[in-house]
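The block underneath contains the structure these notes are about, expressed in structure tokens.
In the numbering used here, the protein residues as written are 3 to 195.
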């Protein structure tokens, strides 16, 4: 038997002995009922406020928007991971472009001297093979030629020379793109006339 029940039973014993003591039992019970009614009214008020809030703000709509936002974040996370993979690939291959540059310079030198045609042919083959492998990875050379129109998105003008204005006069170094985005612009000189 709980202590509260013992108090109430004791109170009833007092009432049996002295009927005028009924207030000692009824008054605490009335207070408890009053407290419970106040709590119930408070809960009803909170429910009413929540329902009004839900109707005014569209909590269901907000819940739907939160779900949409979470879906957006998940897809964005996937895209971010893909971009990171591409960046790693690009950054890994970019230092190897100097090998292609060296091969192209060797080709240029051998073409000017007209010597060692077999060596020139071998270097051209290695250069083509290297560029072919880079193409499989999404890389492509930006190889402008003299007379092409200067494109500031793909070329860097290192200087000017005699020649038609806005046209490439000389190419110093090829540029490179990775999946259509310039990662290194071609170095050229442009005409000033």
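All residues carry an ideal CB built from backbone N, CA and C; glycine is no exception. Since the model is a prediction, treat every value here as computed from it, not as a measurement.
> At what residues does the alpha helix (DSSP H) containing residue 105 begin and finish?
Replying inline: For residue 105, the enclosing alpha helix (DSSP H) covers residues 99-115.
* Asked: For residue 193 versus residue 156, is the C-beta spacing smaller than 8 angstroms?
  -> It is not a contact, given that the beta carbons lie outside the stated cut-off.
Margin query: Let's see if you can read the secondary structure: which residues bound the alpha helix (DSSP H) around residue 165?
Written below: No alpha helix (DSSP H) contains residue 165, which is instead part of the beta strand (DSSP E) from 157-167.
**Message:** According to DSSP, is residue 152 part of a helix, a strand, or is it coil?
**Reply:** In the three-state scheme derived from DSSP, where H, G and I count as helix and E and B as strand, residue 152 is classed as coil.
(Q) Our contact map puts residue 160 next to residue 189 with C-beta atoms below 8 angstroms; I'd like the distance itself, whole angstroms only. (A) About 5 angstroms; that satisfies the 8 angstroms criterion.
Out of 127, 131 and 93, state which residue places its alpha-carbon closest to the alpha-carbon of residue 184.
Comparing Cα positions, the closest option is 93.
Would you mind reading off the limits of the alpha helix (DSSP H) that contains residue 147?
First-last for residue 147: undefined, no H or E at that position.
Checklist entry - Any contact of the stretch 170-177 with the stretch 144-158, i.e. 3+ C-beta pairs under 8 angstroms? => result In the pairwise beta carbon analysis, the stretch 170-177 is classified as touching the stretch 144-158: at least three pairs are separated by under 8 angstroms.
So, at 8 angstroms on beta carbons, what are the nonlocal neighbours of residue 126 in its own chain, with the 5 sequence-adjacent residues on each side left out? Same-chain partners within the cutoff: 109.
- Would you identify the three-state DSSP class for residue 183, choosing helix, strand or coil? In this structure, residue 183 counts as strand in the three-state DSSP scheme.
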